[in-house]
Amino acid sequence: MTVRQLKEQLELTVLVEQNIDKEITGCYIGDLLSWVMSRVQTGNVWLTVMGNVNAIAVAALSDAACIILTDSAVLDEDAKEKAQEQGVTVFSSNANSYQVAVQLSRLLSE
Amino acid sequence: MSFLPLHFTVSGYDFTCAGEASSKVKNKLKQLGYDSEAIRRAAIAMYEGEINMVIHGGGGEIFVEVYPDHIDIKMADKGPGIENIEQAMQEGYSTAPANVRALGFGAGMGLPNIKKYTDSLRIESEIGKGTTIYMTVQVNHS
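From first to last, the protein sequence lines stand for chains A and B.
First residue of the first sequence: 0, per numbering that gives the first Met the number 0; consecutive thereafter.
First residue of the second sequence: 0, per numbering that gives the first Met the number 0; consecutive thereafter.
Okay, structure coming up:
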């Protein structure tokens, strides 16, 4: 499944759309950035409430497929610019991380 | 002899710029056609180093040397130095202030992550003088 298909199948608000043909390999949930960098895998959808520039750097450097800001967490304006620059797709969801992960899990096992 | 030397200056206390050097190195390695997992490991290790420099080191200098089979990264700061390196290497041990933790850092994972993602890591630190870390990432050719 690609990020494009994810966007079509989940109720997500698009905040930044870049490179959406990336293949999704799984999902990681976390807000402590070093913790995430230690464990997120290439192609993971990253669910977090961290919408700052550092989160964008983490997603870009660790080759995450995209970020979903859960619980409607806000993407900072400078983070939005950085995401565009670095080619990171960022979505927002009203649902919490657990709810999004359950939906994602269903889609990935189809 | 170095295949490709790169040099960066990291400014202290500026979190918005941290990651720029790592991102440039990542792009350069991509252009050179390096293995994507090696690139990812080098980029993450270097970013953790940059964050450490911003949090603790008051900025510093990064020297990267790219060879066909490995990447050497040297990161040097003139910060307060690390009192107990063994303790600093433990996951969860952190001396980062609260404002840094609010940004999602300071979980005591920086140096452990660098160790995890590199093939060799050496830390030289002197109290009151600064810290220099030397790391190497091996590149597998498939």
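Glycine included, each C-beta is placed from N, C-alpha and C at the ideal position.
What you are looking at is a predicted structure, and each value in this text was computed from that prediction instead of being measured.
### Message
My output table needs one value for Lys73 (chain B): the three-state DSSP class, helix, strand or coil.
### Response
strand
### Query
Does the beta carbon of Ala106 (chain B) come closer than 9 angstroms to any beta carbon on chain A?
yes
### Message
Using only the alpha-carbon positions, how far apart do Glu76 (chain A) and Val57 (chain A) sit?
### Response
17 angstroms
### Message
Determine whether the beta carbon atoms of Leu14 (chain A) and Tyr27 (chain A) lie at a separation below 9 angstroms.
### Response
no
### Message
Closer than 9 angstroms between beta carbons: that is the criterion. Which residues of the stretch 43–75 of chain A meet it against chain B?
### Response
Thr47, Met49, Asn51, Val52, Asn53, Ala54, Ile55, Ala56, Val57, Ala59, Leu60, Ser61, Asp62
### Task
Grab the span of the alpha helix (DSSP H) containing Pro111 (chain B) for me, first residue to last.
109–116
### Query
Leaving out the 5 sequence neighbours to the left and right, which residues in its chain are closer than 6 angstroms to Ile54 (chain B) when beta-carbon positions are compared?
Ala95, Val99
### Query
Are the C-beta atoms of Thr8 (chain B) and some chain A residue less than 9 angstroms apart?
no
### 6 angstroms Cβ shell around Ala17 (chain B) - same chain, five flanking residues per side excluded
Glu49, Ile50, Val53
### Task
Return helix, strand or coil for Ser21 (chain B), following the three-state DSSP convention.
helix
### Query
Touching or not, the stretch 65–78 of chain B and the stretch 129–136 of chain B, by the rule of three or more beta carbon pairs under 8 angstroms?
yes
### Listed by chain order, chain B residues near Ser33 (chain A) by CB distance under 7 angstroms
Glu47, Phe104, Ala106, Met108, Gly109, Asn112
#### Entry: The alpha helix (DSSP H) enclosing Gln98 (chain A), as first and last residue numbers
96–108
### Task
For Pro111 (chain B), I'd like the list of residues in its chain whose CB is within less than 8 angstroms of its CB, leaving aside the five on either flank, ordered along the chain.
Met88, Gln89, Glu90
### Task
Report the residue from B:Leu28, B:Glu47, B:Gly56 whose alpha carbon sits nearest the alpha carbon of Lys10 (chain B).
The amino acid at residue 10 (chain B) is misidentified as Lys; the sequence shows Ser. Of the candidates B:Leu28, B:Glu47, B:Gly56, the one whose C-alpha sits nearest the C-alpha of Ser10 (chain B) is B:Gly56.
### Task
Please classify Ile126 (chain B): is it buried, with 16 or more other beta-carbons within 10 angstroms of its beta-carbon, or exposed?
exposed
#### Entry: Residue range of the alpha helix (DSSP H) that includes Leu32 (chain A)
32–38
### Message
Just verifying my parser: in three-state terms, what is the DSSP assignment at Glu85 (chain B)?
### Response
helix
### Message
Closer than 9 angstroms between beta carbons: that is the criterion. Which residues of the stretch 18–42 of chain B meet it against chain A?
### Response
Gly18, Glu19, Ser21, Ser22, Lys25, Ser35, Glu36, Ile38, Arg39, Ala42
### Message
Relative to the C-alpha of Ser116 (chain B), which candidate in B:Ala106, B:Ala42, B:Leu28 has its C-alpha closest?
### Response
Residue 116 (chain B) is actually Tyr in this sequence, not Ser. Nearest C-alpha to Tyr116 (chain B): B:Ala42.
### Task
Output the boundary residues of the beta strand (DSSP E) element that contains Ile66 (chain A).
65–68
### Query
Per DSSP, Cys16 (chain B) is paired with what?
Partner(s): none; Cys16 (chain B) has no beta bridge.
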